[in-house]
Every structure is written in C-alpha cells, then in structure tokens.
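Chemist:
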Amino acid sequence: MAFLTLRDIQKSYFLGKEEFPVLKGINLEFELGEFVSILGESGGGKSTLMNIIGGLDREFDGEVTFEGTLLDHKKEKQLDEYRRGTIGYIYQAYNLISHLTVLDNVLVSLEMTNLSQKERINRATELLERVGLGDQMKKHPNQLSGGQKQRVAIARALAADPKIIIADEPTGALDSQNTAEVLTLLEEIAKEGKLVIAVTHSQEVANHGTRIVHLADGKIDGDQRLKPAYPVPTDNVQIADRPLKASASYSNAFKHLRYTFWRNSLIMLGTAIGLFAVMLFSGLGNGIKAYIADQVNSLANPTAVTVQRYSKNANSQRPGQGEGSLTISNSQVKQLADLTHVKQAEPGYVLANGQFRLGTTTYALNNMSTWSASYQTKIIKAGTKPGKDEMVVDKNTVAKQYSSKDWKSIVGKKVTVTWVAAKADGTPVPVSRELTISGVADFGHNQVTNLTTYQTVQAANKSVGASTDAAMVTVKVNDAKNVDSVAKKINAIKQDGKRQFNAITIGDILGTINTIVTLATTVLAAIAGISLVVSALMIIVTMFMSVSERTKEIGILRALGESKKDVRRLFTAESLLIGFFSYILALILAFGLGAILNNVLYKIAKFDMIQLSLTNIITTLILAIVIAYVAALLPARRAAKLNPIDALSAD
Numbered sequence: 014m015a016f017l018t019l020r021d022i023q024k025s026y027f028l029g030k031e032e033f034p035v036l037k038g039i040n041l042e043f044e045l046g047e048f049v050s051i052l053g054e055s056g057g058g059k060s061t062l063m064n065i066i067g068g069l070d071r072e073f074d075g076e077v078t079f080e081g082t083l084l085d086h087k088k089e090k091q092l093d094e095y096r097r098g099t100i101g102y103i104y105q106a107y108n109l110i111s112h113l114t115v116l117d118n119v120l121v122s123l124e125m126t127n128l129s130q131k132e133r134i135n136r137a138t139e140l141l142e143r144v145g146l147g148d149q150m151k152k153h154p155n156q157l158s159g160g161q162k163q164r165v166a167i168a169r170a171l172a173a174d175p176k177i178i179i180a181d182e183p184t185g186a187l188d189s190q191n192t193a194e195v196l197t198l199l200e201e202i203a204k205e206g207k208l209v210i211a212v213t214h215s216q217e218v219a220n221h222g223t224r225i226v227h228l229a230d231g232k233i234d235g236d237q238r239l240k241p242a243y244p245v246p247t248d249n250v251q252i253a254d255r256p257l258k259a260s261a262s263y264s265n266a267f268k269h270l271r272y273t274f275w276r277n278s279l280i281m282l283g284t285a286i287g288l289f290a291v292m293l294f295s296g297l298g299n300g301i302k303a304y305i306a307d308q309v310n311s312l313a314n315p316t317a318v319t320v321q322r323y324s325k326n327a328n329s330q331r332p333g334q335g336e337g338s339l340t341i342s343n344s345q346v347k348q349l350a351d352l353t354h355v356k357q358a359e360p361g362y363v364l365a366n367g368q369f370r371l372g373t374t375t376y377a378l379n380n381m382s383t384w385s386a387s388y389q390t391k392i393i394k395a396g397t398k399p400g401k402d403e404m405v406v407d408k409n410t411v412a413k414q415y416s417s418k419d420w421k422s423i424v425g426k427k428v429t430v431t432w433v434a435a436k437a438d439g440t441p442v443p444v445s446r447e448l449t450i451s452g453v454a455d456f457g458h459n460q461v462t463n464l465t466t467y468q469t470v471q472a473a474n475k476s477v478g479a480s481t482d483a484a485m486v487t488v489k490v491n492d493a494k495n496v497d498s499v500a501k502k503i504n505a506i507k508q509d510g511k512r513q514f515n516a517i518t519i520g521d522i523l524g525t526i527n528t529i530v531t532l533a534t535t536v537l538a539a540i541a542g543i544s545l546v547v548s549a550l551m552i553i554v555t556m557f558m559s560v561s562e563r564t565k566e567i568g569i570l571r572a573l574g575e576s577k578k579d580v581r582r583l584f585t586a587e588s589l590l591i592g593f594f595s596y597i598l599a600l601i602l603a604f605g606l607g608a609i610l611n612n613v614l615y616k617i618a619k620f621d622m623i624q625l626s627l628t629n630i631i632t633t634l635i636l637a638i639v640i641a642y643v644a645a646l647l648p649a650r651r652a653a654k655l656n657p658i659d660a661l662s663a664d
C-alpha cells in the first residue's frame, strides 16, 4: 500500500458562472524515502496540487489517502491535525515571521509537539546548526540573506519531524551556490526516510530527485523514475504532535507586542489614562466617605442610637396630643433599656423656640437639645460639657456672634433661657430658666446645636406644669457591631399592631451621605469611562491593522497546523496583553499621582482623601480585561476566517 495516494483529483476555479479547470483527474502514489519533483510550467496546477496534498485546499473533487486513511477535506479539525503532525512546508518566498528571531521561527513548529521547552530549544538549535545557521539564531529574518532565510525555512519544516516535506519552488529565489546547498539538504531529508515533494519549473532542479512527475495543463503527462527511493530507517521514532497550548499563544502574542512596543505605547498610555481616571475617582469617593465618617464619628458616638416616636405624619403632631403623641413615657424608656445589648437608655428633649438675651443681643438657640451619649466630648472647644443648670452654646452662631475674636469669653456667663413646652393636653406653655454657659461646642458649619442637661429641662418643664415625658431617647449599645441589630429590634417594637419607634444610627446618616457621594463619584467615573470607549476603539483599529499586516503570518501558522481557534486566540491574547499592561501603567499612575494629591490635600483636610481599596484595584483590572477582550473579538474573528492559501499569497 502506498504511503500517500491521490485518486482522480479535480479542481476548477470559477469566474462568475464560467469554469476554469486547473486539475483534471490527477492520480499519483508516493512512498517514503522518495524525492519527487513536480515539474511543469507556471499555471499548470503545480501549486494547487501541493495545497491539496498539504491539506490547505479543501475545495476539490477526488480522494487523498494517507497511510491507508482517507482524508476528509470537509473536516477542518482533521486537516489541522494532518498538517500539524505530517506536513512541513518550504516556500520560495521563505515565509518567515518577521518579528520572531531565527530561533523562534523554528520553535513555532515545535510548540505543537509534546517536547519540553528545553527539548524544543535543543532540537531547534541542532537543526539550525545542521543548516549552517548556529551563529545566526538571535537575528531577525530581515538581517539574513536569501540563502540563509531558505535554510531557516528548511529547519522550521523539519522541526516537528513531519513525514512529508513540501517544497514549493525552494530554489527559485537563490543563486547557484545556495541552490546546490538547498538541494543537498532536501536529498539528505529524503535519505532519512521522509517523503520530499518539490514543485519546480527547472529541469536541473528536478534531476536531483529520485523521480520526476511532469504536470501540464492540469494533467500528468510524464512520471519518470530516476533512481529507487531511499530505504526507510526502521528505528525512526517520530515526535508526537499535540494541539497548541494557550500559553504558547500568549507567549507569541507577547513577542509581537514587544517587537511593536513603541507603536502600541500610545494606545496603552491612552487606555491607562482612562483606567487611571476611573480608579482615581473611585479612590476619591472612598476617601470622601472615610473623611465624612471620621468627622461624624469624631462628633457623635457610633454606639449610640437615637430613638424617636414613629409617625407617618410626624410634622402635623405635637408632643402630648393624646393617642398620637410623639413623646416617650418613662415605661417606654425602661422598655428600651431592657433590650439585649443595651447598656443605657437616656431620655432627652428637643426644645422649641429656644433663645436667651446677653447684654443687648438676643441669641436664637437653633436646634437646642439635651446632652446625651450621642455626643463626643471632642466637640467641646472651650469650657466643659453641661451640668445641672448649665448649657453649652454653639461656637459659630452664638459664641462668635458674642465676640468674633474672643469667643471663649462667653464661658461662665449667666443667661436666662426661654423655650416653649407643652402641657399634657398639648397646650403650649413658655418655660424660663437661668443657666450658666459652661462651654462652647463646634459641630462644624453643617450642624448647629446648643446643649443642656435632661435633668435641667425636666425640672424647668415640671415647674410650669408642662409634660416631662421625653421627646427622644438615646440608647447606648454595648458594642458598635450590635448597633444595627438593636436598631432593628427598636423599629420592630409594636403596640396594638402599630409601630412605636424610629431608631436613627450614625450608619443611617452616613448611608444617606455616602449614597450622594457614591452617585457623584459614579457620574465622574462614568465621564472618565468615555475615554475607555475611545481606548477600546483604538485597540480595535490597532488589532485590525495588526491582522492586515500579519496576513501572511496567519497563513504560515495555519500551514504549520494551527487551527482557527489558535489564530483567534493569538490576536485575542495580544489585545488582552495591551489591556493588562495598560492596567499596570494605570496602577502606577494611580498610586504615584494619588500619593502626590494626598500630600497636597492632607495640608488642607488633615486626611488622606484618595484611598484605593482592593476592590477598586480588582474592579479596574476586570474592566481593563473586558475592554481589551471585547475590542479583540471582531479582529480576531476576521483573522481566523482568512483562507490560508489567500493569506500565504498576501504581500
């Protein structure tokens, strides 16, 4: 049984509906150890026949049988395996990959074998030394002569130890000396027990083989045996092939990216700036939230829960209006104090229309209430917190109004404070009490509060017959981690099926503020994200350009046995690497410029305003990878769909 058999091979090309037959019923048999020259004039169908034998051309009629197995040219996967493990190509135009070194050009074939990395390098080195290029391995193809390029192509064709070597006009571009050397190498390959099929139009070249098949006008018109086929070694063990690993695709993509680094550097910089902006705004949002939380926690106790009576229409009710009253009784205060994780329940008041007169000036006591565990002593900027018949006034609206330069001098002044309370039936009643200003508090410009003690207000209300029920209760929780659970319990308390209380925590306040901050930073990040859209378009254009420039490379890789999937992955990998390196650059910018901005802003706010979290970093990485992957889809798909024969003939 012949090693390779062609039966009734017919091939036509069509121009519109007009048919142009190229091969008209080719029948041939080949054996291992033969050096067969397919001789004929240009346009006689030699190259078309070689493409069919090599598994590149799938559109023909007839049968190709290899080692007794019929090749189904409709099954692309089978042809990929056939080329990968059986065929080695040598081209007239050399078809070396320009961005790879001489050594890497040979290693491309070996990446689809089961050899280890060390074994692959050793074999590639041995083959290059065999063809006389042991000292040229680190050079690129553009640094070699024509004869040297052809010898690299021969080494690459032999690398994966294929059984069939197809040489398409292997000496067509060489001088006489290099022609003789190449023909000697081909003869040696045949003597090793391989089948060498050389396409040529030179009778002199054909005479070096063991057999000449003459092809004219798409038919065999001569089959001359020059000498017997060389004996096939019995101890020859072929290197096993396997599909290309994903790591090899990424390695090859990195080599091309490194070769074209400066051309891609602007794209990576543009993408990095977009990613940096998104990361910066996210970090700024984190910093602002942390700053607000720090400021709020420095003013208020995070373990305190403020409790008020619940009402769907609280603004229309007043304390003491019977069934709908918003006051909290002593029994209800005790009920709150008895909850699990509660250390203390401290009743308090919010005073209406509070004011006092000092000298000739009347001071409005906006938001006057009673001191509780909710407040931190840090807010006291002068004097002390209030005791019996004492009060703390607000720095900005009271103390500085009293004296802008010497606002601390208000401490110790005795004033008569008035406010409006309500009797049990809801009737308003004015209350007056002489108090001593014990201190000055500063809540910042966004909050104004004047404070006295619960006992002071209770005694004053009682003296005029006003209700002494609390307007609110400050519940002190034993641990900050239990605040939310206590707040939920308080909100769940019901009487006669009706909710009784509304619990307010620092977390609730921060949650509202953080929602606004998150919204603002998200909008800013989205604006920055527009640059990422532009970057994605840049990557798409770059990848399409890369496909166009590397069309011949795609044909070479397919001829070597890479599948459509491998080609698609190669270009996807390169785009992902662009995205990844853009991300690394963005990370450097974010931490570098972030540190500079923090240094500047710290002088103003005494706080690091840009805080990059692990979530920000990981999210940005995912964003970079997704953008790069999506940008690669169309170009990579186009590359994979290229016809290998058309790709090989590209300029």
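The C-terminal position of the sequence shown is numbered 664 in the working numbering, with every residue numbered one higher than the one before it.
Built from N, CA and C at the ideal position, the CB exists for glycine as well.
#1: Considering just the uninterrupted stretch of the alpha helix (DSSP H) at Gln190, what are its terminal residues?
#2: Please state the DSSP three-state secondary structure of Ser129.
#3: Could you name the residues of the same chain whose beta carbon sits closer than 7 Å to that of Gly300, not counting the 5 residues immediately before and after it, in chain order?
#4: Give the single residue among Thr469, Pro241, Glu142 whose Cα lies nearest to the Cα of His221.
#5: Using three-state DSSP, classify Arg224 as helix, strand or coil.
#6: Using the three-state DSSP reduction, which class does Ile286 fall into: helix, strand or coil?
#7: If we require 4 or more residues per run, which alpha helix (DSSP H) segments fall completely within the region 540 to 605?
#8: Rounded to the nearest angstrom, what separates Val530 and Arg581 at their Cα positions?
#9: Counting C-beta neighbours from all protein chains within 10 Å, is the total for Trp432 16 or more, i.e. buried, or is it exposed?
#10: Can you grab the Cα-Cα spacing for the pair Glu562 / Thr247, in whole Å?
#11: Measuring alpha carbon to alpha carbon, tell me which of Trp420, Asp21, Ala412, Phe369 ends up nearest Val428.
#12: Quickly, what does DSSP pair Val405 with across the bridge? List them, please.
#13: Just verifying my parser: in three-state terms, what is the DSSP assignment at Val424?
#14: Any chance the region 17 to 27 sits against the region 76 to 90, with 3 or more Cβ pairs inside 8 Å?
#15: Under a Cβ-count criterion, where at least 16 other Cβ atoms within 10 Å of its own Cβ denotes burial, should Asp659 be classed as buried or exposed?
#16: What three-state label does DSSP hand Gln513 in the structure shown?
#17: Relative to the alpha-carbon of Ser60, which residue among Glu566, Asn40, Gly75, Leu36 has its alpha-carbon at the smallest distance?
#18: If I follow the unbroken beta strand (DSSP E) through Asp21, where does it start and stop?
#19: Taking only the alpha-carbon atoms, compute the straight-line gap between Ile178 and Lys258 and give it to the nearest angstrom.
#20: On a CA-only basis, which of Gly58, Val355, Pro175, Ala166 is nearest Val226? Give me that one, please.
#21: Counting only runs of 4+ residues fully inside the region 202 to 278, write out the alpha helix (DSSP H) ranges in chain order.
#22: Measure from the alpha carbon of Leu573 to the alpha carbon of each residue in Glu31, Pro256, Lys232, then state which is nearest.
#23: For Gln156, which option in Leu140, Leu109, Phe267 has the closest C-alpha, if you only look at C-alpha atoms?
#24: Verify whether the separation of the beta carbon atoms of Leu464 and Trp384 is less than 7 Å.
#25: Name the residue from Asn366, Val488, Ala290 whose alpha carbon lies nearest to the alpha carbon of Ala435.
#26: Would you check if the distance between the CB atom of Ile39 and the CB atom of Ile22 is smaller than 7 Å?
#27: Could you tell me which residues DSSP puts in a beta bridge with Gln357?
#28: Hey, quick one: how far does the alpha helix (DSSP H) through Tyr95 stretch, first residue to last?
#29: Between Thr481 and Gln471, how many whole angstroms is the CB-CB distance? I'm expecting something under 8 Å.
#30: In chain order, what residues of the same chain lie with their CB nearer than 7 Å to the CB of Asn328, ignoring the 5 residues before and after it?
#31: Does DSSP classify Thr518 as helix, strand or coil?
#32: In the DSSP assignment, find the unbroken alpha helix (DSSP H) run with Tyr642 in it and report its ends.
#33: For Val49, collect the residues of the same chain with a Cβ closer than 8 Å to its Cβ; drop the 5 residues on either side in sequence, then sort them by chain order.
#34: Using the Cβ count rule (16 or more neighbours within 10 Å means buried), how would you classify Asn249?
#35: Look up Thr390 in the DSSP assignment and say whether it is helix, strand or coil.
#36: Tell me which same chain residues have a C-beta within less than 6 Å of the C-beta of Asp402, skipping the five on either side of it?
Modeler: In brief:
#1: Following the DSSP letters along the chain, one finds Gln190 inside the alpha helix (DSSP H) bounded by residues 189 to 204.
#2: Here Ser129 sits in coil by DSSP.
#3: Closer than 7 Å at Cβ, skipping near neighbours: Asp621, Met622, Ile623, Gln624.
#4: For the residues Thr469, Pro241, Glu142, the minimum Cα distance to His221 belongs to Pro241.
#5: Three-state result, Arg224: strand.
#6: Helix.
#7: The alpha helix (DSSP H) runs lying completely inside the region 540 to 605 and spanning 4 residues or more are 564 to 573, given in chain order.
#8: If I take the Cα positions, the gap works out to 43 Å.
#9: The residue is buried, with at least 16 neighbouring Cβ atoms inside 10 Å.
#10: Here the C-alpha atom of Glu562 lies approximately 45 Å from the C-alpha atom of Thr247.
#11: Comparing Cα-Cα distances from Val428 to each of Trp420, Asp21, Ala412, Phe369, the minimum goes to Phe369.
#12: DSSP, once it has assigned bridges, lists Gly452, Leu464 as partnering Val405.
#13: Here Val424 sits in coil by DSSP.
#14: The region 17 to 27 makes contact with the region 76 to 90, as at least three CB pairs between them are under 8 Å.
#15: By the Cβ-count criterion, Asp659 is exposed, with fewer than 16 other Cβ atoms from all chains shown falling within 10 Å of its own Cβ.
#16: Looking at Gln513 - three-state DSSP - the assignment turns out to be coil, as it is neither helix nor strand.
#17: Closest option to Ser60, judged by alpha-carbon separation, among Glu566, Asn40, Gly75, Leu36: Leu36.
#18: Its beta strand (DSSP E) spans residues 17 to 28.
#19: Cα to Cα, the separation comes out at about 24 Å.
#20: Per the Cα distances, Gly58.
#21: Whole alpha helix (DSSP H) segments, 4+ residues: 216 to 219, 259 to 272.
#22: Per the C-alpha coordinates, the member of Glu31, Pro256, Lys232 positioned closest to Leu573 is Pro256.
#23: Checking every option, the nearest Cα to that of Gln156 belongs to Leu109.
#24: Yes, these two residues count as a Cβ contact at 7 Å.
#25: For the residues Asn366, Val488, Ala290, the minimum Cα distance to Ala435 belongs to Asn366.
#26: The Cβ atoms of Ile39 and Ile22 lie closer than 7 Å to each other.
#27: Beta bridge pairing from DSSP links Gln357 with Lys489.
#28: In the DSSP assignment, Tyr95 falls within the unbroken alpha helix (DSSP H) covering 89 to 99.
#29: With 8 Å as the limit, Thr481 and Gln471 qualify as a contact, their Cβ atoms being about 5 Å apart.
#30: Low local confidence applies: a pLDDT of 46 at Asn328 is under 50, so the model's placement there is unreliable, and no value is given.
#31: Assigned with DSSP and collapsed to three states, Thr518 falls in coil, not helix or strand.
#32: That run of the alpha helix (DSSP H) goes 627 to 654.
#33: Exclusion of the five residues before and after Val49 leaves Phe43, Leu208, Val209, Ile210, Ala211, Gly222, Thr223, Arg224, Ile225, Val226 as the residues of its chain whose Cβ lies within less than 8 Å of its Cβ.
#34: Asn249 sits exposed, since fewer than 16 C-beta atoms from the chains shown fall within 10 Å of its C-beta.
#35: In this structure, Thr390 counts as helix in the three-state DSSP scheme.
#36: Here Asp402 has Leu448, Thr469 as same chain residues with Cβ atoms under 6 Å from its own Cβ, once five neighbours each way along the sequence are excluded.
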